[in-house]
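What follows is a short report on a single structure.
Set out below in structure tokens:
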């Protein structure tokens, strides 16, 4: 499962970088500089990245792994929705990719353990 989580982790890290850029606005005015919404999107991207990193270590018991997987999916989805409301399309796309690939990784890993 570690290899399956490489793409969601990469997408989450890219989303985290884009969330930091949207929140701080270092390249000019993003329109959401230092706002609560941009801060929440940053928090969601950070949570998604941390959860996927924890899942990659395989240190969590199986039940906790399932709970973390669901929380990671929820964090990625809600962050993508928040980014859409903030009109930060690259961040929304990155978190949508993280959501879809995390979903695929979860389904694929469940199939491998079931057979």
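Numbering (my numbering), first residue to last: 78 to 192. Think of the CB as a built atom: it goes at the ideal place given N, C-alpha and C, for glycine as much as any other residue.
Asked	Found
Continuous alpha helix (DSSP H) stretch holding residue 136: start and end	First-last for residue 136: undefined, no H or E at that position.
Same chain only: Cβ atoms within 7 Å of residue 128, ignoring 5 sequence neighbours per side	145, 148, 149, 152
Within 9 Å, strictly: CB atoms of residue 86 and residue 174	no
Rounded Cβ spacing between residue 182 and residue 82 (contact assumed at less than 8 Å)	5 Å
Ordered list of beta strand (DSSP E) runs contained in the segment 93-156, each at least 3 residues	none
Rounded C-alpha distance that separates residue 139 from residue 106	44 Å
Assigned secondary structure, residue 163 (DSSP; H/G/I helix, E/B strand, else coil)	coil
Buried/exposed call for residue 100, threshold 16 Cβ in 10 Å	buried
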